[in-house]
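S.K.: When you line the sequence shown up against my numbering, it's residues 0 to 630, in that order.
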Amino acid sequence: MTNGRNKFPAIGGLLERRCLGFVIRISLRYSELVPAQRIQQLSPSLVNRIAAGEVIERPAAVVKELVENAIDAGATQIHVDVEDGGRELIRVIDNGNGIDPADLPLAFASHATSKLVTDEDLFAIHTMGFRGEALASIGSVSHSRILSRVPGQNAGYEIFNKGGSISIPQAAAGNAGTVVEVRNLFFNTPARRKFIKGAPTEYGHISEMILRLSLPYPNVAFNLTHNGRNTLSLPKTSVEERLLSAWPDDFRDSRLAIDCRDAEIRLRGIIGLPELARPTAKYQFLYLNGRHIRDKFIQHALREAFRGLTEPGRYPAAVLMLEIPAQDVDVNVHPTKTEVRFRDGGRIHGLVLSGIREKLLGSDLTPAAVPIRVDSTADSRPDMREQLASFFRQGPVKQDGPSASDPQPPTSNGQIPDIASPAPIQNSTSGVQRLPLAFPPSAAIQLHNSYLVAQSDDGMIIIDQHALHERIMYEELLARVTRGPLEAQRLLIPHVVPASSRQIALLEPIRPLLERLGIEVAPFGPDSVAVQSFPSFLEKLDPGEFVTDLLERGEQELLDLHGEELLHEILDMMSCKAAVKAGDPLTPAEIEALLARRELVERSSNCPHGRPTTLRLSLKDLDKQFKRTGF
Ligand code: ADP
Ligand code: MG
């Protein structure tokens with residue numbers, strides 16, 4: 000069986016997957032002739048360039064490493080100058096504790112750090128850096144210079160590194176603290192240099208990076224100049240003001256402050272009202288012990304907390320800072336340290352989810368009818384901020400106001416059971432605030448059989464009757480199903496509907512959940528299913544049609560969902576179908592019942608799909624729109 004082709008099966012196989020025809024044969028002959036290469040230790044300069052490949056992706060990565068070093072050095076002022084998007088020059092000046100002249104050559108050596116003293120220190124990291132690699136890497140791919148003076152010493156010293164060749168430290172004049180200059184980045188790694196984008200793009204990454212690094216350090220002033228022009232200035236300020244610099248100014252009045260903890264973990268930050276959610280995660284910033292991180296698990300908790308308040312595919316605005324005992328987290332997972340591993344991820348997920356959800360449920364989330372304008376250009380943000388800073392210096396944080404006086408549900412007139420009949424559930428969260436209606440709810444009027452308009456304490460509200468009813472049904476169903484299975488009606492004649500074999504297979508695992516919801520459905524032959532019972536409150540719907548819809552959606556979207564998520568999706572479907580529709584005329588009693596129940600359910604500001612149920616138009620907005628301001 001042996002032939003030239005499989006004499007070296009391992010090598011042959013490898014090449015066969017990678018190459019085509021002619022090339023394979025040549026490679027195999029070659030591999031028969033050439034002896035194995037000997038293993039050699041890589042030269043330090045090559046080691047550093049390889050490390051640089053991992054850590055220094057672009058100019059902004061250099062800025063990250065240098066600014067992190069300045070923060071670790073206890074600086075209170077960090078000044079960054081860049082030229083040509085960082086391609087010509089990156090200079091970081093700090094007023095930190097400096098580098099001892101004797102240590103200067105070590106600063107450029109690889110695996111040399113002042114931040115780990117014992118082996119155990121690796122398991123309780125309190126600094127941004129600890130790998131001792133950044134300066135060595137940067138020095139190996141640029142022309143760099145460090146000038147440093149330890150406060151209290153009367154002379155400063157400088158040292159140069161030209162692509163790995165390091166000078167002897169020399170005395171030089173300088174202020175207390177450290178200046179690191181990086182010129183001609185990637186001059187000796189042309190492939191990497193080619194990937195650097197134009198100056199505006201690289202500058203954009205740098206200013207984003209500085210903003211991101213600055214958020215947990217309000218006591219540190221940050222400044223950025225580009226080609227000699229001051230482009231970003233973040234003076235020393237309060238914790239919350241600094242967090243707010245992450246967002247456009249227009250978001251400022253639509254935020255909620257978060258501060259919660261368990262015995263060891265603390266979560267602080269700000270979240271935007273659901274209306275601020277955006278199609279990208281641009282306004283989400285997550286920090287762990289002062290370090291910016293990306294973490295799918297925590298993002299998931301955030302998304303879950305906003306479930307039903309934002310539309311699918313939208314990302315809530317949030318700046319969250321977690322403080323966790325250093326030994327409970329491993330930051331040594333990724334060279335740039337943006338990914339971390341938690342010892343008890345579930346606990347952190349739980350704290351983020353419950354802390355944010357409770358805050359949301361306890362707040363008025365009704366969006367303004369006059370939409371919030373987003374100034375999205377990153378470059379204009381700092382300038383705008385400067386102009387407006389004086390106006391907003393002490394911008395109010397939305398507080399949980401006193402809870403609305405407990406409204407009693409009106410007596411049902413029994414005309415439309417959909418709206419008036421289900422027993423109102425008591426609000427489990429204290430302090431929930433709704434926009435209080437100033438007039439009895441019956442004063443609301445219906446427009447075009449679709450919208451309800453009512454006066455509120457500070458203006459008026461406009462309600463989408465379908466969306467609100469849908470949310471009410473959803474919350475009531477959820478409360479009921481938590482208490483026990485939904486009341487079901489056994490069908491005298493089962494409804495038989497066609498179903499594909501894939502749909503029948505899909506049905507099997509979700510049958511127990513459906514039974515909890517009052518739907519009994521079983522396979523009926525090879526290509527149909529029979530609905531045997533159906534929830535009483537859905538009596539207006541055709542059970543067969545509902546199950547067909549469910550199976551079709553199941554095939555497309557629900558397959559990956561389990562447990563709670565699936566339950567929410569099905570409840571969502573039920574409430575959407577059972578709720579009054581746009582175009583349904585309502586009697587005054589029905590309007591009254593709907594508005595009264597609005598006061599009693601949680602998350603009434605948005606329908607289960609996250610669209611708003613209610614818009615508010617304050618007198619202030621009206622005055623502004625009618626140009627009555629200033630009178
Ligand atoms: P790491 O930050 O992981 O220790 P770096 O290569 O970034 O590694 O820096 C090496 C060492 O140089 C640091 O441990 C620190 O002692 C010193 N150093 C770097 N930058 C500064 C600075 N701005 N101020 C004071 N010391 C610094
Ligand atoms: Mg460092």
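Where is the CB? At the ideal position from N, CA and C, for every residue including glycine.
These numbers come from a predicted model, not from an experiment.
Does DSSP classify V238 as helix, strand or coil?
M.R.: Within the sequence shown, residue 238 is the residue found at index 239, counting from 1. In the structure shown, V238 falls within a helical segment according to DSSP collapsed to helix, strand and coil.
S.K.: To the nearest angstrom, report how far apart V528 and E568 are at their CA atoms.
M.R.: On the sequence shown, residue 528 is found 529 positions in, with the first residue counted as 1. On the sequence shown, residue 568 is found 569 positions in, with the first residue counted as 1. Roughly 21 Å separates the two Cα atoms.
S.K.: Quick one: Cα of I98 to Cα of K193, how far?
M.R.: Residue mapping note: residue 98 aligns to position 99 of the sequence shown, counting from 1. Residue mapping note: residue 193 aligns to position 194 of the sequence shown, counting from 1. I98 and K193: Cα-Cα distance of roughly 34 Å.
S.K.: Does the beta carbon of L134 fall short of 8 Å from some heavy atom of the ligand MG?
M.R.: If you number the sequence shown from 1, residue 134 lands on position 135. Result yes, Cβ under 8 Å from the ligand MG.
S.K.: With a cut-off of 8 Å, do at least 3 Cβ pairs link the stretch 100-117 to the stretch 204-213?
M.R.: no
S.K.: Sort I444, L266, L115 and S603 by Cα distance to G361 and report the nearest one.
M.R.: Residue mapping note: residue 361 aligns to position 362 of the sequence shown, counting from 1. The shortest CA-to-CA distance from G361 to any of I444, L266, L115 and S603 is the one to S603.
S.K.: For K161, which residues in the same chain have their Cβ closer than 7 Å to its Cβ, ignoring the five residues on either side in sequence?
M.R.: Here residue 161 is taken as the residue at index 162 of the sequence shown, counted from 1. Excluding positions up to five away in sequence, the list reads H142.
S.K.: Determine the closest residue to F296 out of V351, D248 and L243, with distance taken between C-alpha atoms.
M.R.: Here the question's residue 296 lines up with position 297 in the sequence shown. Ranking the options by Cα distance to F296, first place goes to V351.
S.K.: So I503 is in the alpha helix (DSSP H); what residue range does that whole segment cover?
M.R.: In the sequence shown, the residue the question calls residue 503 occupies position 504. Unbroken alpha helix (DSSP H) run through I503: S500 to R515.
S.K.: Should R501 be labelled buried (16 or more other beta-carbon atoms within 10 Å of its own) or exposed?
M.R.: Start at 1 with the first residue of the sequence shown, and residue 501 comes out as number 502. Under this definition R501 is an exposed residue.
S.K.: Once you ignore the five residues that flank F523 on each side, which residues in its own chain have a CB closer than 8 Å to its CB?
M.R.: Here residue 523 refers to the residue found at position 524 when the sequence shown is read from its first residue. Only P493, V495 and A529 meet the Cβ criterion.
S.K.: Which whole-angstrom value describes the C-beta separation of R356 and I471, a residue pair presumed to lie in contact below a C-beta threshold of 8 Å?
M.R.: Counting from one through the sequence shown, the residue named residue 356 turns up at place 357. Counting from one through the sequence shown, the residue named residue 471 turns up at place 472. So it is not a contact: roughly 19 Å between Cβ atoms.
S.K.: What's the call for R48, buried or exposed, on a 16-neighbour Cβ count within 10 Å?
M.R.: The sequence position of residue 48 within the sequence shown is 49, counting from 1. Buried, by the Cβ-count rule.
S.K.: Where DSSP assigns a beta bridge to P611, which residues make up the other side?
M.R.: In the sequence shown, the residue the question calls residue 611 occupies position 612. P611 is bridged to N605.
S.K.: Could you check if D526 is buried or exposed, using at least 16 other CB atoms within 10 Å of its CB as the buried criterion?
M.R.: Reading the sequence shown from its first residue, position 527 is the one you call residue 526. The residue in question, D526, is exposed, as its Cβ has fewer than 16 Cβ neighbours within 10 Å.
S.K.: Counting Cβ pairs closer than 8 Å, one from the stretch 329-341 and one from the stretch 310-317, do we hit at least three?
M.R.: no
S.K.: Starting from I347, trace the beta strand (DSSP E) in both directions and tell me its first and last residue.
M.R.: As a position in the sequence shown, residue 347 is number 348, starting the count at 1. Here I347 belongs to no beta strand (DSSP E); instead the alpha helix (DSSP H) covers G344 to L360.
S.K.: My output table needs one value for Q454: the three-state DSSP class, helix, strand or coil.
M.R.: Taking the sequence shown and counting its residues from 1, the one referred to as residue 454 is at position 455. Reduced to three states, the DSSP call for Q454 is strand.
S.K.: Run the proximity test for R130: is its beta-carbon closer than 8 Å to any non-hydrogen atom belonging to the ligand ADP?
M.R.: Start at 1 with the first residue of the sequence shown, and residue 130 comes out as number 131. Checking the Cβ of R130 against the ligand ADP gives yes.
S.K.: Of the residues T126, E119 and G131, which one's Cα is nearest the Cα of T112?
M.R.: The residue labelled residue 112 in the question sits at position 113 within the sequence shown. Taking only the C-alpha atoms, the option nearest T112 is G131.
S.K.: Taking Cβ to Cβ, would you say P168 is nearer than 9 Å to R290?
M.R.: Counting from 1 along the sequence shown, the entry for residue 168 is found at position 169. Counting from 1 along the sequence shown, the entry for residue 290 is found at position 291. Taking 9 Å as the Cβ cut-off, P168 and R290 do not qualify as a contacting pair.
S.K.: Reducing DSSP to helix, strand and coil, say where L233 ends up.
M.R.: If you number the sequence shown from 1, residue 233 lands on position 234. Of the three classes helix, strand and coil, the one that applies to L233 here is strand, per DSSP.
S.K.: Does the beta-carbon of I124 have 16 or more other beta-carbons within 10 angstroms, so that it is buried, or is it exposed?
M.R.: Walking along the sequence shown from the start, residue 124 turns up at place 125. I124 is buried by the Cβ-count criterion.
S.K.: Mapping DSSP to helix, strand and coil, what is L41?
M.R.: Sequence index remark: in the sequence shown, residue 41 carries index 42 (1-based). Coil.
S.K.: Go to L491, then tell me how far its beta strand (DSSP E) extends in each direction, as first and last residue.
M.R.: Position 492 of the sequence shown, counted from the first residue, corresponds to residue 491. It spans A487 to P497 - the beta strand (DSSP E) in which L491 sits, taken as one unbroken run.
S.K.: Compare the Cα-Cα distances from G458 to each of A368, L321, L505 and T236 and report the closest residue.
M.R.: To locate residue 458, count along the sequence shown from 1; it is residue 459. For G458, the nearest C-alpha among the options comes from A368.
S.K.: In whole angstroms, give me the CA-to-CA distance for A69 and G95.
M.R.: Walking along the sequence shown from the start, residue 69 turns up at place 70. Walking along the sequence shown from the start, residue 95 turns up at place 96. Cα to Cα, A69 sits roughly 6 Å from G95.
S.K.: Going by beta carbon distance, what residues of the same chain come within less than 6 Å of T224, once the five residues before and after it are set aside?
M.R.: Locating residue 224 in the sequence shown gives position 225, counting from the first residue. These residues qualify, in order along the chain: D80.
S.K.: Cα separation between I518 and F533?
M.R.: By one-based count along the sequence shown, residue 518 stands at place 519. By one-based count along the sequence shown, residue 533 stands at place 534. Going from the Cα of I518 to the Cα of F533 covers about 5 Å.
S.K.: In this structure, does DSSP put L266 in helix, strand or coil?
M.R.: Position 267 of the sequence shown holds residue 266. In this structure, L266 counts as strand in the three-state DSSP scheme.
S.K.: Within the chosen definition, does the stretch 305-315 reach the stretch 602-618 through at least 3 CB pairs nearer than 8 Å?
M.R.: Of all C-beta pairs linking the stretch 305-315 to the stretch 602-618, three or more are shorter than 8 Å, placing the two stretches in contact.
S.K.: Cα separation between P395 and D252?
M.R.: Counted from its first residue, the sequence shown places residue 395 at position 396. Counted from its first residue, the sequence shown places residue 252 at position 253. With a pLDDT of 34 at P395, under the threshold of 50, the modelled position of this residue cannot be trusted, and the question is left open.
S.K.: Have a look at K633 and A72 and give me their C-alpha separation to the nearest angstrom.
M.R.: There is simply no residue 633 to check, as the chain begins at 0 and stops at 630 in what is shown.
S.K.: Does the distance from the CB of D273 to the CB of L359 come in under 9 Å?
M.R.: In the sequence shown, residue 273 corresponds to position 274, counting from 1. In the sequence shown, residue 359 corresponds to position 360, counting from 1. Reading off the sequence, residue 273 comes out as Pro, not Asp. Yes; because the gap between Cβ atoms is below 9 Å, this pair is in contact.
S.K.: Straight-line CA distance for A172 to I257?
M.R.: On the sequence shown, position 173 is the one that residue 172 refers to. On the sequence shown, position 258 is the one that residue 257 refers to. Rounded to whole angstroms, A172 to I257 spans 46 Å at the Cα level.
S.K.: Relative to the C-alpha of P278, which candidate in S574, D456, P311 and M573 has its C-alpha closest?
M.R.: As a position in the sequence shown, residue 278 is number 279, starting the count at 1. Here the closest residue by C-alpha is P311.
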